[in-house]
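To start, the structure itself, in structure tokens.
There are 2 protein chains.
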Amino acid sequence: MKRNSRLSLALHTLGHMATEPDAPRTSADIAAHAGTNPVVVRRVLGTLRKAGLLTSEKGHSGGWQLAKSPREITLADIYLALDERLISTDDADHGHNCSLEHALHHQVLTVMEDIERSLIERLSATTIADICETAT
Amino acid sequence: MKRNSRLSLALHTLGHMATEPDAPRTSADIAAHAGTNPVVVRRVLGTLRKAGLLTSEKGHSGGWQLAKSPREITLADIYLALDERLISTDDADHGHNCSLEHALHHQVLTVMEDIERSLIERLSATTIADICETAT
DNA sequence: ACTTACGCAACTGACATTGTTACGTGACTT
DNA sequence: AAGTCACGTAACAATGTCAGTTGCGTAAGT
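Line by line, the protein sequences give chains A and B. If you count the first sequence from 1, position 16 lands on 16 in this note's numbering, and the numbers rise without skipping. Position in the second sequence (first residue = 1) + 1000 = this note's numbering.
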């Protein structure tokens, strides 16, 4: 798979959960539906649980469920929970001795931060409930 | 190095070239200044040459030079030449059978395309000559 | 001829990510 | 109480990407 497979898996899973919010789903079911592995599902959904978007229960009739109403979960929430940012937040060495390079990176970084801010703003405008409605 | 090292190298090199546009530089010099390898420099600058931003000459007193005035080269030109897009342009399998997944990806993709468009717009507002002036 | 410097192909090693196996733990069922 | 179900987590293998490196060819100039 490629780089944004975690995001794909998260969107896909939460989307389906939103259509039937009260039915818990096991990682095995989700994995089968998404064509991947239960452990991978638990890994990805685990980060969403840490972000407060999902709950998980063990044992019989356990599994994963939405922690809030689908109308309260935006695409931005999912994007931010997965922590796959546009900008590589490690600004370690590139300011070593060259003022030109420093100016260059500062300019690009400023633009990128603005862009990411507006990306999040755009993503937070649609909830997963919205998506389910438009998909009919 | 990390993922945007090609962009860093390109920006850095073009920035320095802009301060003295008529002096050709060899890949060995550039590599030494950037702390990398001449072949890597040729790889990266080669893509910029294909995009029409640089020229290269072989033999004695050969090397790399800007193909245009520094005032005509924007950050967007460099970004686009390196082809490191925000969106993974391979929309191969994710629309296989699930209309919900299709709607999800369509929504995210639309937002991402908008965002990238505005990123390019922002980057095209500053030329490398601008950077050299602000770096004094 | 000889040197210089790019062009390009092939290989290596580091690194990240996904997939897989294995085992522990909590919760429910009988 | 025993059994099962499902998550939680660690460890490892498989894969892909990318920078780095070596080597050789080719063009331009001395």
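Positions of the beta carbon are idealized from the N, C-alpha and C atoms, including for glycine. A quick note: this is a predicted structure, and the numbers were derived from the prediction, not measured.
Going by DSSP in three states, residue i sits in which element: helix, strand or coil?
{"i": "residue 57 (chain A)", "result": "strand"}
{"i": "residue 1063 (chain B)", "result": "strand"}
{"i": "residue 1 (chain A)", "result": "A caution first: residue 1 (chain A) carries a pLDDT of 42, below 50, which makes its placement in the model unreliable, though a value can still be read off. Coil, per DSSP."}
{"i": "residue 74 (chain A)", "result": "strand"}
{"i": "residue 1049 (chain B)", "result": "helix"}
{"i": "residue 85 (chain A)", "result": "coil"}
{"i": "residue 99 (chain A)", "result": "helix"}
{"i": "residue 35 (chain A)", "result": "coil"}
{"i": "residue 136 (chain A)", "result": "coil"}
{"i": "residue 1069 (chain B)", "result": "coil"}
{"i": "residue 1020 (chain B)", "result": "coil"}
For residue i, which of the options has the nearest alpha-carbon?
{"i": "residue 31 (chain A)", "options": "A:51, A:135, A:63, A:105", "result": "A:63"}
{"i": "residue 1102 (chain B)", "options": "A:85, A:136, A:112", "result": "A:136"}
{"i": "residue 129 (chain A)", "options": "A:78, A:110, A:71, A:107", "result": "A:71"}
{"i": "residue 127 (chain A)", "options": "A:100, A:115, A:74, A:80", "result": "A:74"}
{"i": "residue 1011 (chain B)", "options": "A:51, A:108, A:65", "result": "A:108"}
{"i": "residue 1132 (chain B)", "options": "A:44, A:61, A:85, A:100", "result": "A:100"}
{"i": "residue 25 (chain A)", "options": "A:111, A:98, A:46, A:56", "result": "A:56"}
{"i": "residue 120 (chain A)", "options": "A:110, A:98, A:85", "result": "A:85"}
{"i": "residue 1067 (chain B)", "options": "B:1029, B:1060, B:1050", "result": "B:1050"}
{"i": "residue 1047 (chain B)", "options": "B:1036, B:1037, B:1083", "result": "B:1083"}
{"i": "residue 98 (chain A)", "options": "B:1035, B:1110, B:1117", "result": "B:1035"}
{"i": "residue 87 (chain A)", "options": "A:110, A:69, A:65", "result": "A:110"}
{"i": "residue 1058 (chain B)", "options": "B:1042, B:1134, B:1037", "result": "B:1042"}
{"i": "residue 1052 (chain B)", "options": "B:1061, B:1060, B:1069", "result": "B:1069"}
Assign residue i to buried or exposed, taking buried as 16 or more other Cβ atoms, counted over all protein chains shown, within 10 Å of its Cβ.
{"i": "residue 6 (chain A)", "result": "buried"}
{"i": "residue 39 (chain A)", "result": "exposed"}
{"i": "residue 13 (chain A)", "result": "buried"}
{"i": "residue 1008 (chain B)", "result": "buried"}
{"i": "residue 1018 (chain B)", "result": "buried"}
{"i": "residue 1015 (chain B)", "result": "buried"}
{"i": "residue 1027 (chain B)", "result": "buried"}
{"i": "residue 1114 (chain B)", "result": "exposed"}
{"i": "residue 77 (chain A)", "result": "buried"}
{"i": "residue 122 (chain A)", "result": "buried"}
{"i": "residue 105 (chain A)", "result": "buried"}
{"i": "residue 125 (chain A)", "result": "exposed"}
{"i": "residue 184 (chain A)", "result": "Given a span of 1 to 136 for chain A in the structure shown, any question on residue 184 (chain A) remains unanswerable."}
{"i": "residue 1023 (chain B)", "result": "exposed"}
Based on DSSP bridge pairs, tell me the residues matched to residue i.
{"i": "residue 127 (chain A)", "result": "A:74"}
{"i": "residue 25 (chain A)", "result": "A:64"}
Given that residue i touches chain A, what residues does it touch there, using C-beta distances under 8 Å?
{"i": "residue 1113 (chain B)", "result": "Under the 8 Å cutoff, chain A gives no residues; its nearest Cβ is about 11 Å from residue 1113 (chain B)."}
{"i": "residue 1011 (chain B)", "result": "101, 104, 105, 108"}
{"i": "residue 1063 (chain B)", "result": "Going along chain A, no residue has its Cβ under 8 Å from residue 1063 (chain B), so there is no contact; the nearest lies around 19 Å."}
So residue i contacts chain B; which residues on that side make the cut at Cβ distance below 8 Å?
{"i": "residue 131 (chain A)", "result": "1100, 1103, 1104, 1107"}
{"i": "residue 118 (chain A)", "result": "1115, 1118"}
{"i": "residue 47 (chain A)", "result": "Residues of chain B passing the Cβ test: none, with the nearest at roughly 18 Å."}
For residue i, which residues in chain B fall below 9 Å Cβ to Cβ?
{"i": "residue 75 (chain A)", "result": "1104, 1107, 1108, 1111"}
{"i": "residue 52 (chain A)", "result": "Within chain B, no residue comes near residue 52 (chain A); the closest Cβ sits about 21 Å away, beyond 9 Å."}
Give the interface partners of residue i over in chain B, defined as CB-CB distance under 7 Å, in chain order.
{"i": "residue 86 (chain A)", "result": "1086"}
{"i": "residue 135 (chain A)", "result": "1099, 1100, 1103"}
{"i": "residue 123 (chain A)", "result": "1111"}
{"i": "residue 127 (chain A)", "result": "Neighbours of residue 127 (chain A) on chain B: none; closest Cβ ~11 Å, over 7 Å."}
Which residues in chain A sit within 9 Å of residue i, going by Cβ to Cβ distance?
{"i": "residue 1060 (chain B)", "result": "What residue 1060 (chain B) touches in chain A: nothing, since even the nearest Cβ is about 28 Å away."}
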